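Under my numbering, the first residue of the sequence shown is numbered 9, with each subsequent residue one higher.
A short worksheet on the structure shown next.
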Amino acid sequence: MSESLITINQRYKSSTRIDTDNTDFSPFIDEFVLHGTAINVLDTISREFENSTQRAFTITGPYGSGKSTVALFLSCLLSTDTKKRSYALKKLNNSQSVITDFEERFALKNGWQTVKHVCGLEAPANSILVSLLNAFDEDFDKTEIADFDDDKCLAEIKKILQKPSKNEDGVLILLDEMGKALDYQSRENKDLHLFQSLADIVQQAKRPVLLMGFLHQAFSDYAKNKDVKTQKEWSKVQGRYRDLSFNPSIDESLTLVGDSIYRAPKVEDAIESKYADLISTVSGAFTNQNKNKHALSKTLPLDPIVSLLLGPVSRRRFSQNERSLFGFLASHEKYGFREFLTENYTSLNEELALYRPEMYWDYLYHNLHHLIVTSQDSKAWLEGSDAIYRAEQKGDELHIAITKLIALLTIFGFHNQLHAKRSFIKDYFVCRGYKVNDVDDAIKELEARTVIIYRQKHDALFVFQGSDIDINNLISEQIEVISEGVDWTEACATPQNILATAHYHKTGTMRWATTKLLNKFDTTAFETFVTKPKTGEAFTYFVLPTNPEVAKTLKENAKEMPFASIGTLKDFTNLKTAAIELIALRKILKEEKKITHDLIAKNELESRIKFAQANVDSEIKNAYTNTSWSYCGKKLATLPLATIASDIADKIFHKSPSVINELVNRSKPSGSANSAIRKLMNAMFENGDEKDLGFDDKAFPPEKGLYLSCLKSKGWHCETPEGYLFPSRWTNEAIAANPKMHALFESGFEFIKNNSSKQHVTLAELYEMWMLPPYGLTAGLCRIYGLALLKSLEGQVAFYDWDSTKQFVFIPELDEELVNKIYKYPSEAAVRYFEISEIQSHLLDNLAKATLGEGTNNAAILNIAKHIVGIIHKLPTWVKKTSGESFTSSGENGLTKQARDFRNKVIAANDPYKLILDDLPTVFGFKKDDPDVEEKLGKNLKTAIEDLSAQHEILLNGFKQIIVNMLGEDFNTALKERCDVVEKEAKRPKVKDLAKRLSHYIDGKTKFEFVINILTGVPERNWTDKHLRSGLDELQNLCVQFRRIESFSNFSTQGSSKPLAFITTDKKGNHQEFSSFTKHDLAADDDVQSAVNNIEDAIAKMPKEKQLAALTNLLTNLMDQTETEVLDDGKS
9 MSESLITINQ RYKSSTRIDT DNTDFSPFID EFVLHGTAIN VLDTISREFE NSTQRAFTIT
69 GPYGSGKSTV ALFLSCLLST DTKKRSYALK KLNNSQSVIT DFEERFALKN GWQTVKHVCG
129 LEAPANSILV SLLNAFDEDF DKTEIADFDD DKCLAEIKKI LQKPSKNEDG VLILLDEMGK
189 ALDYQSRENK DLHLFQSLAD IVQQAKRPVL LMGFLHQAFS DYAKNKDVKT QKEWSKVQGR
249 YRDLSFNPSI DESLTLVGDS IYRAPKVEDA IESKYADLIS TVSGAFTNQN KNKHALSKTL
309 PLDPIVSLLL GPVSRRRFSQ NERSLFGFLA SHEKYGFREF LTENYTSLNE ELALYRPEMY
369 WDYLYHNLHH LIVTSQDSKA WLEGSDAIYR AEQKGDELHI AITKLIALLT IFGFHNQLHA
429 KRSFIKDYFV CRGYKVNDVD DAIKELEART VIIYRQKHDA LFVFQGSDID INNLISEQIE
489 VISEGVDWTE ACATPQNILA TAHYHKTGTM RWATTKLLNK FDTTAFETFV TKPKTGEAFT
549 YFVLPTNPEV AKTLKENAKE MPFASIGTLK DFTNLKTAAI ELIALRKILK EEKKITHDLI
609 AKNELESRIK FAQANVDSEI KNAYTNTSWS YCGKKLATLP LATIASDIAD KIFHKSPSVI
669 NELVNRSKPS GSANSAIRKL MNAMFENGDE KDLGFDDKAF PPEKGLYLSC LKSKGWHCET
729 PEGYLFPSRW TNEAIAANPK MHALFESGFE FIKNNSSKQH VTLAELYEMW MLPPYGLTAG
789 LCRIYGLALL KSLEGQVAFY DWDSTKQFVF IPELDEELVN KIYKYPSEAA VRYFEISEIQ
849 SHLLDNLAKA TLGEGTNNAA ILNIAKHIVG IIHKLPTWVK KTSGESFTSS GENGLTKQAR
909 DFRNKVIAAN DPYKLILDDL PTVFGFKKDD PDVEEKLGKN LKTAIEDLSA QHEILLNGFK
969 QIIVNMLGED FNTALKERCD VVEKEAKRPK VKDLAKRLSH YIDGKTKFEF VINILTGVPE
1029 RNWTDKHLRS GLDELQNLCV QFRRIESFSN FSTQGSSKPL AFITTDKKGN HQEFSSFTKH
1089 DLAADDDVQS AVNNIEDAIA KMPKEKQLAA LTNLLTNLMD QTETEVLDDG KS
């Protein structure tokens, strides 16, 4: 890439340090710009030295103004190096404002010994003493001096300065960055007697001594956060020092800027010639700027407006840390001057572009906007930004350029009489190539839209001031009101979370510590620091007390607070200041109603709040970085907080097993992780007796990864002599390989045993214990290890399910529903461990024979209970609810009271121990002290189980018997053929459906229960005694209809005859059915018709009931009786 034709002098790209050893002094002196402000400072100091006893001075000026450079030049003027001194004096004598007798004023012969000291945030007395000793080549022990107090240091300084001089004319002490020393004194709550005494020592020294300190603000400003009395004391101390202002004027700034820009000769003449008219226009438009034509020409290719504004902008508070006068020229920031040079001056071209005011606005907006909106210029800046935004909405390039120029002059030129007069704006843009009419029209349009406004007092244009609210004044007032009584720590309530990184890499578990500023210590705070943290919560607090009383109380209780680390920080000044400002801003936003309707003020306030919050966050971070920590009363090494957090986590969670699996080992597993956990738990439930839980060797789904990393490799599932299982006893090898995991298994087992004596133990309670120290398991691991533990303890614990009755119900074995609750609703899944040492083995043996069919041992109580409960729970639903009613024609084989009571007790059982030893003997009417109780109980238990198991079959047989009796046929082919005929001929749906289902049952296509379903009208799962009794009645009714349809069907097969049927009942209520045949054509026969007429005449005068009775007698005598049905009266 071609070298730029215009470059920035390298000397202006960084700040000057006075303690730098300038062996090659000539370039520095040559390039040093000796402007009026610098000469005035040198002249004043030299005059004061010659004509008064004043020997202590402070030079006060903004960052980047050249204070340190002047200090170095003064050291050259007074140097003991004759060559350097002569070269500097020549520069001074050749300046515009000549100091003719500088050498005489200081009586220069051999030069002055210079002590160059750069202050920092450290004890100033000790560091200044060290710099003096170094300057005079004195031997000293730096460690020893570090222990000196201020008085001791001052005594040593006095001793050095009281010594008679050797060859030097005097001692020049330069204290650069003196403000940092004052900051340190303020933060440490120290007074300024040090600097007062230092000034006195200098004044009283036997040799000539000159003390110069360099500040950015007055002494008292460094104590602005102190009370009024302290501020006054600090102001008095400054009285010992003669303060000289160092703030270069616009003219001097122009000289500095012009001196910092190097232009190739072929560019220099061309650009000055091209823009001579523009220079004249700008210099002539502003008061006292005609003299700066030459200086403005030297700043090209900066637009002369930009050159004039650089000085005022550099003195603004927001740009102090940016060294903006030269920082702007040298930086590579977006829209900056260096970027402009790169784009326009890598080669010579006719355009010779200038860096225009609108470019400078864009530079400030994109790089310093966030600082400006929190400064004293925020209101004007936001008004300017708003004006430019509105100009952009409807205006063109000219409208925007005019608005940006006026905005810059409004904000930064006002105090320097740089006003945007209408005539100047026109002349300026005409010089830039625009037509005067276009410029005039643009100004009028901007005025019409109130983007800009004319103010007669200044005869100039300004951006429209849309806000009358002075945010800065409001903030100052609010801070003054609240600064003394407010709890400033409320603005620092947002904690910082610190990951215990090393602990995470060792255990696989993320654990977070958190920070807490504490302004008061009460019971709530104490409880916080002593309460065991669950996984997912902060496991420890880095507590930083903000006042001595709280700090003292915390230290006294430190050993009782295992979940808190106590910090010590001496100075909270910066944090407190930032916090109070944030509180004040929030209070203004909440209480100042007029801001709600002022968009500019509201935007300004919101920007200030954002900045203030960021400032608070930064100060909090600094505070915690500079804090020393102790844990349980023991001081900790100075290490990063993450390292300290890891060490504490190792202590708190010393039994935490290592599970390196990010999918599951987290407080809140993801959706995919939860899916994998559920699939793994299903495999644990279904395939616990298979190798690798039945996972395919060639596939690797997430759940298999969980199995390998969480179970198989940790000893939870392995091959044993009994096959693959979850072991209830771990081998020595497994324990040695995974001691912490075995400890977790033992802790779970012991927790269940110890808490089972009086109540059930829910999985939620187990999880809670595991999630607390010293284990600290995550939720995902709790689910997996919870189920693994229960699988290991099968046969030793009883399982319980929280059912719809809102109580725990004993279930015979681990089932799918309980596994689901272990995952999703652990509070609804419970277990209980039972000690069986007192159970009589003979009783268990008899019960086992009655239930399992074989003898057993003492450990089988749960198996017996599970088997009994399993038998009852597998009974048909109606058998578990029946009152014992018989559904047979004989009325026999109903459920006995003993069987019914036994059934009810088992269904309600939630304690297998109580069921076996207490409930069963009570149900069967035996006493525990009966010598034959074991044998009798076993016999009765077996009978009750057989009775219950037979009920369903008895019910089916009862229904079948009615069908056989009423239809006169067993369930064979003949009955099937009859059913097929009735299904075809029947018109009533129920009869048709009954015939169809009977046919399917005979064919073996369906169960007999489906026949009963149509009779009861409900499915089998909903059968009750009432349904079944109604079903029996309905069956008898349908069988009668079945036979009737059969009769009609038989009659219809007899040629020209048609069937005739008649049904009635006798006096006992028994059904009587009569039938016969008649020919189809007899209805119209004369004899038949005559008989009908005679009968009608005979009975015409009789009541209807008698008519029916007469006809009934006739029909019963004429027709054949086919069947007599006895109506079931319901009696047994």
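No residue lacks a Cβ here, since even glycine has one placed at the ideal position from N, Cα and C.
Since this is a predicted model, take the numbers as computed values, not measurements.
* Where N973 sits in the DSSP three-state scheme -> Residue numbering aside, residue 973 sits at position 965 when the sequence shown is read from its first letter. In the structure shown, N973 sits in a helix (DSSP, three-state: H, G or I).
* Grab the span of the alpha helix (DSSP H) containing F842 for me, first residue to last. => Position 834 of the sequence shown holds residue 842. Unbroken run through F842: none, as it is neither H nor E.
* **L1122 versus E977: straight-line alpha-carbon distance, rounded** => On the sequence shown, residue 1122 is found 1114 positions in, with the first residue counted as 1. On the sequence shown, residue 977 is found 969 positions in, with the first residue counted as 1. C-alpha separation (whole angstroms): 33 Å.
* Comparing alpha-carbon positions, which option in P820, H881, T122 and F816 lies nearest I872? -> Numbered from 1 along the sequence shown, position 864 holds the residue referred to as residue 872. Among P820, H881, T122 and F816, the Cα nearest to that of I872 is on P820.
* First and last residue of the alpha helix (DSSP H) that includes R398? -> Against the sequence shown, residue 398 aligns to sequence position 390. Run containing R398: S386 to K402, per the alpha helix (DSSP H) assignment.
* To do: For D1074, count neighbouring C-beta atoms within 10 Å of its own C-beta (all shown protein chains included) and say buried if the count is 16 or more, exposed if not.
  => Here residue 1074 refers to the residue found at position 1066 when the sequence shown is read from its first residue. Per the 10 Å Cβ criterion, exposed.
* Taking only runs of the beta strand (DSSP E) that begin and end inside the segment 146-232, which ones reach a length of at least 3 residues, in chain order? -> 178-184 and 217-223
* Asked: Which residue from T930, V41 and F222 puts its Cα closest to that of C127?
  -> By one-based count along the sequence shown, residue 127 stands at place 119. C127 has its Cα closest to that of F222, out of T930, V41 and F222.
* Inter-stretch contact (C-beta, 8 Å, three-pair minimum) for the segment 666-684 and the segment 785-792 -> yes
* State yes or no: is the C-beta of S305 within less than 8 Å of the C-beta of T68? => Here residue 305 refers to the residue found at position 297 when the sequence shown is read from its first residue. Here residue 68 refers to the residue found at position 60 when the sequence shown is read from its first residue. The answer is no: Cβ separation not under 8 Å.
* Residue span of the alpha helix (DSSP H) that contains H374, given as start and end -> Position 366 of the sequence shown, counted from the start, is the residue given in the question as residue 374. Element bounds for H374: P365 to I380.
* **CB contact flag (F537, M569, <8 Å)** => One-based indexing of the sequence shown puts residue 537 at position 529. One-based indexing of the sequence shown puts residue 569 at position 561. When the beta-carbon positions are compared, F537 and M569 come within less than 8 Å of each other.
* To do: Please work out which residues of its chain come closer than 6 Å, Cβ to Cβ, to V551, disregarding the five sequence neighbours upstream and downstream, and give them in chain order.
  => In the sequence shown, counting from the first residue as 1, residue 551 sits at position 543. The answer, listed in chain order, is K524, L526, A572 and I574.
* For Q848, does the three-state DSSP call read helix, strand or coil? -> The residue you call residue 848 lines up with position 840 of the sequence shown. With a pLDDT of 48 at Q848, under the threshold of 50, the modelled position of that residue is not reliable, and the figure given next carries that caveat. If DSSP states are grouped into helix, strand and coil, Q848 belongs with coil.
* Through-space distance from V321 to N17, alpha-carbon basis -> What you label residue 17 is simply residue 9 of the sequence shown in a count that begins at 1. What you label residue 321 is simply residue 313 of the sequence shown in a count that begins at 1. In a straight line, the C-alpha of N17 is about 21 Å away from that of V321.
* Asked: Nearest chain D C-beta to E485 closer than 8 Å, yes or no?
  -> Included in the structure is just one protein chain, with no chain D present.
* Just the C-alpha distance for N1102 and T1124, rounded to the nearest angstrom, thanks. => Residue 1102 sits at position 1094 when you count from the first residue of the sequence shown. Residue 1124 sits at position 1116 when you count from the first residue of the sequence shown. Using only the alpha carbons, I get a separation of about 19 Å.
* **Coarse secondary structure for D251, derived from DSSP in three states** => In the sequence shown, the residue the question calls residue 251 occupies position 243. DSSP places D251 in strand when its eight states are reduced to three.
* Which runs of the beta strand (DSSP E), 3 residues or longer, sit entirely within the segment 559-591? -> 572-576
* To do: Please classify Q959: does DSSP put it in a helix, a strand, or coil?
  => Translated into the one-based positions of the sequence shown, residue 959 becomes position 951. Reduced to three states, the DSSP call for Q959 is helix.
* Asked: alpha helix (DSSP H) containing C439: first to last residue?
  -> Translated into the one-based positions of the sequence shown, residue 439 becomes position 431. Run containing C439: R430 to C439, per the alpha helix (DSSP H) assignment.
* Asked: Do V471 and A592 have their CB atoms nearer than 8 Å?
  -> Position 463 of the sequence shown holds residue 471. Position 584 of the sequence shown holds residue 592. Not closer than 8 Å, so no.
* Where does the unbroken beta strand (DSSP E) through H43 begin, and where does it stop? -> Locating residue 43 in the sequence shown gives position 35, counting from the first residue. H43 -> no beta strand (DSSP E), and no H or E assigned at all.
* Asked: At what residue ranges does the segment 657-732 contain a whole run of the alpha helix (DSSP H), taking only runs of 4 or more?
  -> Residue ranges of uninterrupted alpha helix (DSSP H) with 4 or more members, entirely inside the segment 657-732 and ordered along the chain, are 679-694 and 710-714.
* Asked: Can you find at least 3 beta carbon pairs, one from the segment 113-124 and one from the segment 135-154, that sit closer than 8 Å?
  -> yes
* Asked: By Cβ distance, which residues of its chain are closer than 8 Å to E366, with the 5 residues on each side in sequence left out?
  -> Against the sequence shown, residue 366 aligns to sequence position 358. So the list reads I408, A409, K412 and L413, once near-sequence residues are dropped.
* Name the DSSP bridge partner or partners of V805? -> Counting from one through the sequence shown, the residue named residue 805 turns up at place 797. According to DSSP, V805 bridges with E802 and Y841.
* Residue(s) in a DSSP beta bridge with P553 -> Counted from its first residue, the sequence shown places residue 553 at position 545. Answer is L526, bridged to P553.
* **Identity of the residue in R113, F932, L923 and I962 nearest T951 by Cα** => Working through the sequence shown from its first residue, we reach residue 951 at position 943. The shortest C-alpha separation from T951 is found at F932.
* Output the distance between the C-alpha atoms of S76 and H224, rounded to the nearest integer angstrom. => Translated into the one-based positions of the sequence shown, residue 76 becomes position 68. Translated into the one-based positions of the sequence shown, residue 224 becomes position 216. Approximately 11 Å between the Cα atoms of the pair.
* **Whether L826 touches F807 by CB criterion (8 Å)** => As a working mapping, residue 826 is identified with position 818 in the sequence shown. As a working mapping, residue 807 is identified with position 799 in the sequence shown. Against a cut-off of 8 Å, the Cβ pair of F807 and L826 comes out as a contact.
* Assigned secondary structure, I67 (DSSP; H/G/I helix, E/B strand, else coil) -> What you label residue 67 is simply residue 59 of the sequence shown in a count that begins at 1. Strand at I67.
* Asked: Quick one: what does DSSP say K465 is sitting in, helix, strand or coil?
  -> Working through the sequence shown from its first residue, we reach residue 465 at position 457. Three-state result, K465: coil.
* **Coil, strand or helix - I14 by DSSP** => Numbered from 1 along the sequence shown, position 6 holds the residue referred to as residue 14. DSSP places I14 in strand when its eight states are reduced to three.
* Asked: Thinking C-beta only, is V990 closer than 8 Å to I1053?
  -> The residue labelled residue 1053 in the question sits at position 1045 within the sequence shown. The residue labelled residue 990 in the question sits at position 982 within the sequence shown. Yes.
* Return the first residue and the last residue of the alpha helix (DSSP H) that W637 is part of. => To locate residue 637, count along the sequence shown from 1; it is residue 629. Here W637 belongs to no alpha helix (DSSP H); instead the beta strand (DSSP E) covers S636 to Y639.
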